[in-house]
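> Keeping their order, the protein sequence lines are chains U and C. Each residue of the first sequence is one higher than the one before, starting from 928 at the first, in my numbering. Each residue of the second sequence is one higher than the one before, starting from -12 at the first, in my numbering. Where a beta carbon is used, it is the ideal one built from N, C-alpha and C, also for glycine. My structure is below; once you've seen it, I'll send some questions.
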Amino acid sequence: MAQYEAWKELLRQGGDVSFWQEFYVKFYQAFIEGDRWRQYLQGVGTTLLVTALALALGVILGILVATIRTSHDQQRIGHRNPVLGLLNAVCQVYVTIIRGTPMMVQLLIMGFVIFSSSRNYTMVGALTLGINSGAYVSEIIRGGLMALDPGQAEAGRSLGLNYVDTMRFIVIPQAFKAILPSLGNEFIVLLKDTSLINVIGGKEMVYAAQAIYGRTYEQMFPLVGVACIYLVLVIIFTWLLGILERRLRQSDRR
Amino acid sequence: MIDVKHLSKSFGDHQVLKDISEHIYPGDKVVIIGPSGSGKSTFLRSLNLLELPTEGSITFDGVEITDPKTDIDQVRRKMGMVFQHFNLFPNMTIKRNITLAPVRTGLMSQAQADELAMQLLRRVGLEEKANAYPNQLSGGQKQRIAIVRALAMNPKVMLFDEPTSALDPEMVGEVLSVMKELAADGMTMVVVTHEMGFAREVGSRILFMDEGRIVEQGTPEEVFGNPQNPRLKDFLSKVL
């Protein structure tokens, strides 16, 4: 503490400081002075919360959209359901718009146009990310359903099982295992995309870093620190996903 | 039992089945032969509506199954189907593969289905595989399980879509012998196959299909012993 003050003063006067002294001062300034590490920690909390909410919303939307689109595609020719046709069109527009516009622009529109009166930036951020993720998740799920050998569903139906049972017991369990790596990837993208919500005022890690270097005028330590935290989070989740994948694979080989 | 009237099927501009009318009687063992691309599989798959006919009607047990109002799931419960590529469910044990449909369709309780599964597995000599997964079995074993799975629904007719075409030669025999037993038990069967020996031995009627039509049919003696149609003669000279 006293050491920090002394070296800081020396640094300010342009005195002769060693690399490690300078490192110490800047590190202290970026993370410890005034308990600044708490701000990063809060940022991590927001990031995890937004990721969890957006993931839940994204998976729900994704399943919904994928279900509508695949069941629309699988209708008997000449027996098309007009309601399903309309829903399918809505889903296609949704996926096209979300995939066709940048995440950042979507956030700005949601934050400053649609929910301009809301102060709850975290929730607006989570909502936007969830809607964004839903479009990608729906395509992942659709891909998984289409990649499965059609013979599997045919076998289920030929036994007299109805569509729902065939999906529930035969198609979905197999498709889930196949899409898990892509879903994991989408999850990691989502986690990192939470860094964007600071543009609408969401108090996540980058927001904390910006607030801190706005006062200290030293950008490197806060930003590299944030990068390291993201990296560690992603490594942890990748490891957990690997465990889940291995467990699912074991169950059908034994 | 199955009455097919003026059945046609097109994929886009390509007409695969051309105005087929045919009747399958109880106890019939109909074997369909013909060159590849002749529409044999499409015809068979139309019988339980895995392929939707473009025109014509199919009646099974007095129910017109091509009528959009018919509950096709109910009809399929009475028609077993065996596929070229087995299509066992790799995410389930053998026993669950067999019991899933009877239990979910309310045909029997899980305990009853388990018992039936073991009984059927014993019949094909695979009872020790009840708790194995499909990927641990050989092709011949898989296909015998697939037959058992279809039989567990107690169907009135069994449809076989090239059941031995994806098997290694040494495994063909074990599957055919299960099918022969089934035929001897009086099951109504429609079989698409390239196994001429099986057709000759088991078939009560042989249909020869070419370019979407049944161009000749008769008993095995007639079809193999005294073929009339030049294309049938040509086909037989290549496969026999």
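Could you round the C-beta distance between U/Q1101 and U/L1075 to whole angstroms and report it? I think they count as a contact, below 8 Å.
Yes, U/Q1101 and U/L1075 are in contact; Cβ-Cβ is about 6 Å, under 8 Å.
> May I ask you to list, following chain order, the residues of the stretch 75 to 93 of chain C that have a beta carbon less than 7 Å from some beta carbon of chain U?
Cβ contacts with chain U come from F76, P77, N78, L87, A88, R91, T92.
> Could you check how far apart the C-beta atoms of C/R63 and U/S1085 are, in whole angstroms? I think they sit under 8 Å.
Confirmed, Cβ separation roughly 6 Å.
> Say whether chain C places a C-beta atom closer than 7 Å to the C-beta of U/L1011.
So, not an interface residue.
> Quick check on this structure: which residue in U/Y1157, U/Y1048, U/I1139, U/F1164 has the alpha carbon closest to the alpha carbon of U/I959?
Out of U/Y1157, U/Y1048, U/I1139, U/F1164, U/I1139 has the C-alpha closest to the C-alpha of U/I959.
> Give every residue of the same chain whose Cβ lies closer than 7 Å to the Cβ of C/Y120, excluding the five residues on either side of it in the sequence, and list them in chain order.
Cβ within range, chain order: P77, T80.
> Apart from the five residues just before and just after U/I1097, which ones in its own chain have a Cβ nearer than 6 Å to its Cβ?
Once the five neighbours on either side are set aside, the close Cβ partners of U/I1097 are Q1079, G1083.
> Note the first and the last residue of the continuous beta strand (DSSP E) segment covering U/D1201.
Past the boundaries of the shown model lies residue 1201 of chain U; chain U is included only from 928 to 1181, so the question cannot be answered.
> What is the C-beta distance between C/L194 and C/F211, in whole angstroms, given that I count them as a contact (C-beta under 8 Å)?
Incorrect: roughly 13 Å between the Cβ atoms, too far for contact.
> Between C/D60 and chain U, is the shortest Cβ-Cβ distance under 7 Å, so that the two count as touching?
C/D60 counts as touching chain U.
> At a CB-CB cut-off below 7 Å, which residues of chain C make contact with U/R1084?
Chain C residues near U/R1084: R63.
> Measuring CA to CA, which of C/G127, C/I11, C/D0, C/K56 is closest to C/Q204?
The shortest C-alpha separation from C/Q204 is found at C/I11.
> C/L37 touches chain U at which residues, Cβ-Cβ below 9 Å?
The contacting residues are E1081, R1084, S1085.
> So is C/H72 in contact with chain U if we call contact Cβ pairs under 7 Å?
With 7 Å as the cut-off, C/H72 counts as an interface residue toward chain U.
> Could you tell me if U/Y1134 is buried or exposed, where buried requires 16 or more neighbouring beta carbons within 10 angstroms of its beta carbon?
Result: buried.
> Helix, strand or coil for U/D1092, going by three-state DSSP, please let me know.
Of the three classes helix, strand and coil, the one that applies to U/D1092 here is helix, per DSSP.
> Could I get the ranges of all uninterrupted beta strand (DSSP E) runs contained in the stretch 140 to 182 of chain C, with 3 residues as the minimum, in chain order?
Entirely contained in the stretch 140 to 182 of chain C, the beta strand (DSSP E) runs reaching 3 residues are, in chain order, 144 to 148, 175 to 179.
> With a threshold of 16 other CB atoms inside 10 Å of the CB of C/D6, please say whether the residue is buried or exposed.
Counting Cβ neighbours within 10 Å, C/D6 comes out exposed, since fewer than 16 surround it.
> Could you tell me the distance, in whole angstroms, from the CA atom of C/L31 to the CA atom of C/F70?
Approximately 11 Å between the Cα atoms of the pair.
> Short of 6 Å in beta carbon distance, which residues of its chain neighbour C/A100, apart from the five on each side in sequence? Order them along the chain.
Same-chain partners within the cutoff: T86, P89, V90.
> Going by C-alpha to C-alpha distance, which of U/A929, U/V971, U/V992 sits closest to U/V1159?
Among U/A929, U/V971, U/V992, the Cα nearest to that of U/V1159 belongs to U/V971.
> Just tell me which of C/S125, C/G24, C/S(-5) has its CA closest to the CA of C/E198.
Nearest C-alpha to C/E198: C/G24.
> Count the other CB atoms, across all protein chains shown, that sit within 10 Å of the CB of C/T130; report buried if there are 16 or more and exposed otherwise.
Rather than Thr, the amino acid found at residue 130 of chain C in this sequence is Gln. So C/Q130 ends up on the buried side.
> Could you check if U/C1018 is buried or exposed, using at least 16 other CB atoms within 10 Å of its CB as the buried criterion?
Answer is buried; the Cβ neighbour count reaches 16.
> Is U/L1014 near U/I995, with beta carbons less than 7 Å apart?
It is a contact, given that the beta carbons lie within the stated cut-off.
> Which residues in chain U sit within 8 Å of C/M140, going by Cβ to Cβ distance?
Those are L1086, G1087, listed as they occur along chain U.
> U/L988 to C/H1, Cα distance in whole Å?
One C-alpha to the other measures close to 39 Å.
> With C/K5 as the anchor, note down where its beta strand (DSSP E) starts and where it stops.
1 to 11 is the extent of the beta strand (DSSP E) around C/K5.
> Looking only at its own chain, which residues have a Cβ that is under 8 Å from the Cβ of U/D1120, when we skip the five neighbours before and after it?
M1030, L1056, N1059.
> Between the alpha carbons of U/G942 and U/W964, how many angstroms are there, rounded?
Cα to Cα, the separation comes out at about 28 Å.
> Is the CB of C/M(-12) under 7 Å away from at least one CB in chain U?
Output row for C/M(-12): interface = no.
> To the nearest angstrom, report how far apart C/K15 and C/V178 are at their CA atoms.
The displayed chain sequence assigns Asp, not Lys, to residue 15 of chain C. Distance between the alpha carbons of C/D15 and C/V178 is about 11 Å.
> Evaluate U/Y1063 with the Cβ neighbour count: other Cβ atoms within 10 Å of its Cβ, from every protein chain shown; 16 or more gives buried, anything less gives exposed.
Answer is buried; the Cβ neighbour count reaches 16.
> Counting C-beta neighbours from all protein chains within 10 Å, is the total for U/G1061 16 or more, i.e. buried, or is it exposed?
It is buried - the Cβ of U/G1061 has at least 16 other Cβ atoms within 10 Å.
> Residues of chain C with CB closer than 7 Å to the CB of U/I1097, please, in chain order.
Correct list: F76.
> Just by C-beta distance, which residues in the stretch 1040 to 1071 of chain U are closer than 9 Å to chain C?
Hits within the stretch: zero.
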